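Chains as they are written, first to last, in this note's numbering: chain A, 1 to 557; chain B, 558 to 771; chain C, 772 to 876.
Note that beta-carbon positions come from the ideal geometry of N, C-alpha and C, so glycine has one too.
For clarity, every value in this text was computed on a predicted model and none was experimentally measured.
Shown next, in C-alpha cells, is the structure this report addresses.
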Amino acid sequence: MTDALLAGELPLPPHPDYLRDGSTVWSWLATTDHKRIAILYAVTITVFFFLGGAAITAVRLELFEPNGWLLTSDTYNKLFSFHGIIMVWFFLVPSIPNTFGNFLLPLMIGAPDVAFPRLNLFSWYLTIAAGAFTVYALVAGGVDTGWTFYTPYSSMFSNTHVFAAAAGVFVVGFASIATGVNFIATTHMLRAPGMTWFRLPLFVWAVYATSLIMVLATPVLAISLLLVIAERVLGLPIFDPARGGDPILFQHLFWFYSHPAVYIMVLPAMGVVSEIIPCFARRRIFGYDFMVYAMLAIAGIGFFVWGHHMFVSGQSALASLVFSFLSFIIAVPSAIKVFNWTASLYRGQISFESPMLYALGFVGLFTTGGLSGLFLASIPVDIHVTDTYFVVAHFHYIMVGGSVSAFFAGLHFWWPKVTGKLYPESWAKFAAILMYAGFNMTFLPQFFAGYLGMPRRYHTYPAEFQIYNVMSSAGAAVLAVAYLLPLGYLGWSLFYGGKAAKNPWGATGLEWTATSPPPPKNFDRQPRVDRGPYDYHAQGMSAGTDPPEMQSARDTR
Amino acid sequence: MSDESALLREPWFDFGRQREAGKFGIWVFLASETLFFGALMLTYTVCRIEHPEAFAAAGRETNIWYGTINTAVLLTSSLTMAVAAQASEQSARLRRLVLSCLLLTAMLGLAFIAIKGFEYKEDIDKHLVPGAEFALPQRGAELFYGFYWLVTGVHAIHLSIGIALVSRLFWVLLRRELPAKDNPEIEVTALYWHLVDIVWIFLYPLIYLPGRAS
Amino acid sequence: MSDREEAGGDARSSDGVRRLWARNLLIWAALLVLLLLSLVAAYIPMGRVTTASGIVVAAAKSTLVVLLFMELASAKPQIRIAAISGLVFLVAMFALTFVDVLARP
Chain A
1 MTDALLAGEL PLPPHPDYLR DGSTVWSWLA TTDHKRIAIL YAVTITVFFF
51 LGGAAITAVR LELFEPNGWL LTSDTYNKLF SFHGIIMVWF FLVPSIPNTF
101 GNFLLPLMIG APDVAFPRLN LFSWYLTIAA GAFTVYALVA GGVDTGWTFY
151 TPYSSMFSNT HVFAAAAGVF VVGFASIATG VNFIATTHML RAPGMTWFRL
201 PLFVWAVYAT SLIMVLATPV LAISLLLVIA ERVLGLPIFD PARGGDPILF
251 QHLFWFYSHP AVYIMVLPAM GVVSEIIPCF ARRRIFGYDF MVYAMLAIAG
301 IGFFVWGHHM FVSGQSALAS LVFSFLSFII AVPSAIKVFN WTASLYRGQI
351 SFESPMLYAL GFVGLFTTGG LSGLFLASIP VDIHVTDTYF VVAHFHYIMV
401 GGSVSAFFAG LHFWWPKVTG KLYPESWAKF AAILMYAGFN MTFLPQFFAG
451 YLGMPRRYHT YPAEFQIYNV MSSAGAAVLA VAYLLPLGYL GWSLFYGGKA
501 AKNPWGATGL EWTATSPPPP KNFDRQPRVD RGPYDYHAQG MSAGTDPPEM
551 QSARDTR
Chain B
558 MSDESALLRE PWFDFGRQRE AGKFGIWVFL ASETLFFGAL MLTYTVCRIE
608 HPEAFAAAGR ETNIWYGTIN TAVLLTSSLT MAVAAQASEQ SARLRRLVLS
658 CLLLTAMLGL AFIAIKGFEY KEDIDKHLVP GAEFALPQRG AELFYGFYWL
708 VTGVHAIHLS IGIALVSRLF WVLLRRELPA KDNPEIEVTA LYWHLVDIVW
758 IFLYPLIYLP GRAS
Chain C
772 MSDREEAGGD ARSSDGVRRL WARNLLIWAA LLVLLLLSLV AAYIPMGRVT
822 TASGIVVAAA KSTLVVLLFM ELASAKPQIR IAAISGLVFL VAMFALTFVD
872 VLARP
C-alpha cells in the first residue's frame with residue numbers, strides 16, 4: 001500500500017490539474033494555491049531579472065572603452081544601483097524560495113498547501129507593490145547610492161530618488177518575512193505521516209534554513225532603511241556626524257541583514273543541487289546528516305560575520321579581528337557541502353542531462369567564489385582589494401555562478417513537473433554549457449583587474465585595464481545569449497513540447513508521485529512515508545540505473 | 558464540534574493542528590518583531606554610549622507623568638487581553654466576558670494613543686523636534702529625540718494595528734459570525750498585543766528614566 | 772455555543788471565572804509594583820546602577836508578561852524555541868556591535 005502510493009501506482013480520479021483548474025485572470029490573481037502563487041512569482045522575477053540584466057548590459061557596453069564613451073557618470077551610477085537593487089531583492093532573494101520553494105515545499109513534505117495560503121498570496125502582492133516603488137525610482141530619474149544605501153551619502157548628499165527605492169526594499173522585506181514565517185510553520189506543522197525531520201529532502205531543509213534567516217535578519221534591514229528614510233524626510237539626525245550621529249552604525253545594521261542575505265540567496269541553491277546530483281548520479285547523497293547540520297550552521301553562523309564588510313570602515317581593530325576569525329569559521333560548513341556533493345558522485349552512474357550540467361557548474365563556480373571569499377575574510381588582503389573588481393568577481397561567482405546556475409538547474413529539473421511539458425534537451429545542454437563559458441569569460445578577468453587595483457563603481461578607468469574589461473564585456477554578451485535561450489526553448493515547449501510523465505528523471509521524492517502537473521490539492525490521498533530521501537539504491541550497494549521504485553522493491557526487508 | 562468546523566480553514570484537516578500552527582506562526586513573527594525593535598534599541602544604545610550626558614539631559618525633558626501613566630494603561634490592557642484569551646479557552650459560556658474584555662482592551666489602547674497625543678503636543682511646544690528650532694544645546698540630545706519620535710511613532714503604528722485587530726475581532730464575535738470558544742484569532746491577536754506591550758515596557762526606562770537622579 | 776446551554780455547570784463556571792481573574796489580577800498587580808519600583812529607582816543616584824535598574828525591572832516585567840500572559844511557561848517546545856531564537860540573535864547583534872563601539876580608540 002505504502003510502496004504503491006510512493007510509486008504513484010494508484011489510479012487518480014480524472015480532474016483538472018492546477019493549471020487548468022480555472023482559467024480566468026481572477027482565478028490567478030485571487031488564488032491561494034501555492035503552485036499558482038509560485039507561477040505568479042516566477043513571472044514576476046523573470047521580468048525583474050531581465051530589467052536588472054538590461055541595466056547591466058548598458059554598464060558593460062560602457063566599460064568596453066576606458067574613457068566613458070556611452071554614459072554620463074550620473075547615468076552610470078544609477079544603472080549599476082538599479083541593477084544591484086533589482087537583482088538582490090527582486091530576483092535573487094525571492095528567486096528559488098518563492099518559486100521552487102512555494103511550488104515544492106508542500107509537495108515534498110506531502111501537504112495539500114502551505115500553512116497560511118492567504119498570507120502567501122498577500123506576500124506576492126507586497127512584492128508587486130515594492131517592485132512598483134523601485135521601478136518608479138528608476139523611471140522618475142533613478143537612484144545613485146548603489147544597492148548598499150551607505151550613509152551619510154544616501155541620507156545627506158544624494159539628490160536622487162532614494163526614498164522610493166528604499167521604500168521599495170522596505171516593503172519587499174515584509175514580503176520576505178511573511179514567506180519565511182509561512183514556510184517555517186509549514187515545515188513544522190504539515191509534514192505527512194512518517195515524514196520525520198531526518199527524512200526531509202535537503203531542499204526542504206535548505207528552504208527552512210533560508211526562512212529562518214529571512215525572519216530573523218530582514219527586520220534589521222527594515223530598520224536601517226527606515227532610519228535613512230527618516231533622516232531624509234523628517235530630518236532626524238541618527239547618521240549625521242555633524243550632529244553627533246554615527247554613520248558606521250548604519251553599516252552594522254545594514255550588514256546584519258545583508259550578509260545573512262547572501263545565505264538567503266545561496267542556501268536554496270544548495271538545496272536544489274542536493275536534489276539533482278543524487279538523481280543523475282543514481283547515488284544516495286553522501287553524509288545526509290552532515291548536509292543538514294552544515295546548512296543549519298551556515299544559517300546560524302551567517303549572522304556573526306557581517307563585520308568583514310567593514311574592515312576599512314573605521315570600526316575598531318578588535319571588531320575586525322573577531323569578524324575575520326568568524327568569517328573563516330563559516331567556510332567549514334560550506335566546504336563540508338562541496339565535499340559531500342563530490343563524494344556523492346563517487347561510484348555513481350552519472351549521466352549529463354541539462355539539470356546535472358547546471359548543477360555541476362554550480363559546484364565549480366560556488367567553490368571558486370567561496371575560496372575567493374577567504375581572501376576577503378583575511379584583513380590584510382581585504383584592505384588591498386576592498387572596493388575593487390576582485391570583490392565584484394567574488395560575489396558574482398557566488399550569486400550568479402552559484403545561485404543563478406542553481407536556479408536554472410532547478411528550472412530544468414522541475415519544468416516537466418511544473419508545466420507537464422518536455423523541453424528540447426539538446427538546446428538545454430547547449431545553453432548550460434554556454435552559460436558556464438560565458439560566466440567565466442565575464443567574471444574571471446575581473447579577479448585579475450581587481451587584484452591589480454581597478455576600483456568598482458567608476459565609469460572610466462586607466463587604459464591598462466581595458467583588456468580585462470573587453471574580455472568581460474564580450475563574456476557578458478555570451479552570458480546574455482545563454483540567459484535568453486531558455487526563454488525561447490522553454491517558452492516553445494509550453495506549446496509544442498511533448499507531454500511529461502509523472503517522473504521523467506526516475507527521481508525519488510514525493511513531488512514525483514503526483515501527476516505532472518499536479519492536481520490542485522497535490523495528493524488525492526494523504527501520502528505516508530516510510531524511508532529517507534534519495535533512495536536510489538539499496539543501502540550498502542552501489543548505484544544502479546533502475547527506477548527508484550524497483551530499487552525500493554529490492555530494498556524491502 | 559460545530560464550533561470547530563466553523564473555525565477550520567484550508568489546508569487543515571484537524572482543528573487542533575491548525576490552532577497550533579497559528580500560534581507557532583505568530584510566535585515566529587514575534588521573533589522577527591523582536592529583532593525589528595531590537596535594532597532600534599541598539600541604535601539608541603550606541604548613541605547613548607557615545608553621548609551619555611546629552612542623553613541624560615534629554616531624558617530629563619520628557620514628561621514622566623505621561624510616560625508612567627501610559628505604561629500603566631498598557632499593562633492594564635494586557636491584563637484584559639489575557640483574560641479575554643483565557644476565557645475563550647475556558648468555556649463557551651464566557652462569551653460575554655470575552656467580548657467585554659476585548660472592548661476594554663481596544664479602549665485602553667485608544668486611551669494610550671490619546672495620552673500620547675497630549676504628550677506629543679507638549680513636546681512640540683517645548684521644541685523637542687530635531688531640526689533648526691531644537692531646544693536643547695547638548696551635542697547628541699537631538700539623537701535622543703530622533704530616536705524618541707521614530708520609536709514612539711513605530712510603536713503607535715503597531716498599537717493602532719493591534720486596536721484595529723481587536724476591534725474587528727470584537728465586531729465579528731458580537732455578530733456571532735465566528736464562535737468565541739477556542740477561536741484561534743483571539744489567541745493570536747492576544748500574543749501580538751502582548752508583544753506591543755513588551756516593547757513599551759522596554760521603551761519606558763529608555764525614554765523616561767534617564768537623567769532623573771542627577 | 773448558546774449562553775444557556777450548560778445551565779448545570781453554572782457553579783463550576785463561576786468558580787473558573789474567579790480563578791481566572793485572581794490569577795491575572797495578581798500578575799497585573801506585580802507588574803504595577805515593578806513599574807513603581809523602576810520609577811522610584813530612577814530618582815536614586817547610583818550612577819550606572821540606576822540605568823541598569825530600569826533595564827532589569829523592564830526585563831522582569833517582560834518575563835512576567837511572556838511567561839504568564841503569553842503562556843510561554845506552558846507552551847510546547849517548538850514555540851519556546853521560536854521565542855528564544857529571536858532573543859539569541861538579538862543578543863548576538865548587540866554583542867558584536869559592542870565589540871566595535873566599546874573598543875573604538
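Rounded C-alpha distance that separates residue i from residue j
i	j	result
Asp-113(A)	Thr-442(A)	41 Å
Gly-498(A)	Leu-656(B)	60 Å
Ser-324(A)	Leu-318(A)	10 Å
Arg-20(A)	Trp-28(A)	11 Å
Pro-424(A)	Tyr-18(A)	24 Å
Phe-465(A)	Ile-56(A)	19 Å
Phe-586(B)	Val-837(C)	15 Å
Thr-629(A)	Leu-422(A)	Absent from the structure is residue 629(A), since the part of chain A shown begins at 1 and ends at 557.
Ala-294(A)	Leu-357(A)	24 Å
Ala-281(A)	Phe-290(A)	19 Å
Pro-455(A)	Gly-245(A)	29 Å
Tyr-288(A)	Ala-813(C)	55 Å
Leu-345(A)	Pro-533(A)	16 Å
Residue i at chain C interface by Cβ criterion, 8 Å
i	result
Leu-601(A)	The question about residue 601(A) has no answer, for chain A in this structure spans 1 to 557.
Gln-643(B)	yes
Phe-256(A)	yes
Met-558(B)	Reliability fails at Met-558(B), whose pLDDT of 44 lies under 50, so the model's placement of it is uncertain and the value that follows must be treated cautiously. Output row for Met-558(B): interface = no.
Phe-303(A)	yes
Thr-647(B)	The question names Thr, but residue 647(B) in the sequence shown is Gln. Yes, Gln-647(B) counts as interfacial toward chain C.
Phe-759(B)	yes
Gly-348(A)	no
Leu-656(B)	no
Proximity test, Cβ basis, 8 Å: residue i and chain A
i	result
Trp-725(B)	According to the sequence provided, residue 725(B) is Arg. The question's Trp does not apply to it. Not closer than 8 Å to any Cβ of chain A, the Cβ of Arg-725(B) fails to qualify, so no.
Arg-789(C)	no
Ala-879(C)	For residue 879(C) there is no data in the structure shown, the boundaries of chain C being 772 and 876.
Trp-706(B)	yes
Any chain B beta carbon closer than 8 Å to residue i
i	result
Pro-816(C)	yes
Leu-808(C)	no
Val-804(C)	no
Thr-32(A)	yes
Ala-793(C)	no
Leu-101(A)	Reading off the sequence, residue 101(A) comes out as Gly, not Leu. No, because no Cβ of chain B sits closer than 8 Å to the Cβ of Gly-101(A).
Phe-840(C)	yes
Met-310(A)	no
His-259(A)	no
Closest residue to residue i among the options (Cα-Cα distance)
i	options	result
Leu-202(A)	Gly-314(A), Ala-514(A), Gly-509(A), Phe-352(A)	Gly-509(A)
Phe-772(B)	Leu-651(B), Arg-650(B), Asp-739(B), Leu-631(B)	As displayed, chain B neither begins before 558 nor continues past 771, which places residue 772(B) out of reach and without an answer.
Arg-528(A)	His-537(A), Thr-513(A), Tyr-534(A)	Thr-513(A)
Leu-805(B)	Leu-802(C), Ser-824(C), Phe-869(C), Asp-786(C)	Outside the displayed span of chain B (558 to 771) sits residue 805(B), for which this structure offers no information.
Ser-81(A)	Gly-438(A), Phe-64(A), Val-135(A), Leu-371(A)	Val-135(A)
Gly-787(C)	Cys-604(B), Ala-649(B), Phe-570(B), Arg-574(B)	Ala-649(B)
Residue i: CB within 7 Å of a non-hydrogen atom of the ligand COA
i	result
Val-292(A)	Among the components modelled here there is no ligand, and therefore nothing to report on the ligand COA.
Along the stretch 156 to 183 of chain A, what residues have a CB closer than 7 Å to any CB found in chain C?
For the stretch 156 to 183 of chain A, there are no residues whose beta carbon sits under 7 Å from a beta carbon of chain C.
Using a Cβ cut-off of 9 Å, which residues of the stretch 594 to 624 of chain B contact any Cβ in chain A, in chain order?
For the stretch 594 to 624 of chain B, the set of positions with a beta-carbon nearer than 9 Å to some beta-carbon of chain A reads Phe-594, Gly-595, Ala-596, Leu-597, Leu-599, Thr-600, Val-603, Cys-604, Glu-607, His-608, Ala-611 in chain order.
Decide if the stretch 738 to 753 of chain B is in contact with the stretch 639 to 647 of chain B; the criterion is three or more beta carbon pairs, one per stretch, under 8 Å apart.
Segments in contact, yes.
Stretch-stretch touch, CB-based, cutoff 8 Å, three pairs: the stretch 269 to 285 of chain A with the stretch 240 to 248 of chain A:
With a cut-off of 8 Å, the stretch 240 to 248 of chain A and the stretch 269 to 285 of chain A do not count as touching, because too few Cβ pairs lie within range.
Residues in the stretch 853 to 869 of chain C with C-beta within 7 Å of chain B's C-beta atoms, listed in sequence order?
Flagged, chain order: Ala-853, Ala-854, Ser-856, Gly-857, Leu-858, Phe-860, Leu-861, Met-864, Phe-865, Thr-868.
Below 8 Å between beta carbons is the criterion; list the residues of the stretch 740 to 768 of chain B that meet it against any residue of chain A, in chain order.
Correct list: empty, as no residue qualifies.
Is the number of C-beta pairs between the stretch 248 to 258 of chain A and the stretch 291 to 309 of chain A that are closer than 8 Å three or more?
Contact check between the stretch 248 to 258 of chain A and the stretch 291 to 309 of chain A: three or more CB pairs, one atom from each, fall below 8 Å, which counts as touching.
With a cut-off of 8 Å, do at least 3 Cβ pairs link the stretch 618 to 634 of chain B to the stretch 792 to 806 of chain C?
The stretch 618 to 634 of chain B is in contact with the stretch 792 to 806 of chain C.
By the 9 Å beta-carbon criterion, what residues does the stretch 224 to 238 of chain A contribute toward chain B?
Residues Ser-224, Leu-226, Leu-227, Ala-230, Glu-231, Leu-234, Gly-235, Leu-236, Pro-237, Ile-238.
Three-pair Cβ contact test at 8 Å for the stretch 470 to 482 of chain A versus the stretch 431 to 446 of chain A:
For the pair of segments examined, the stretch 470 to 482 of chain A was found to touch the stretch 431 to 446 of chain A: the number of CB pairs separated by less than 8 Å reaches three.
Are the stretch 172 to 189 of chain A and the stretch 585 to 605 of chain B in contact at 8 Å, needing three or more beta carbon pairs?
The stretch 172 to 189 of chain A vs the stretch 585 to 605 of chain B: in contact.
Should the stretch 113 to 128 of chain A be regarded as contacting the stretch 561 to 571 of chain B, the criterion being three or more beta carbon pairs within less than 8 Å?
Short answer: they touch.
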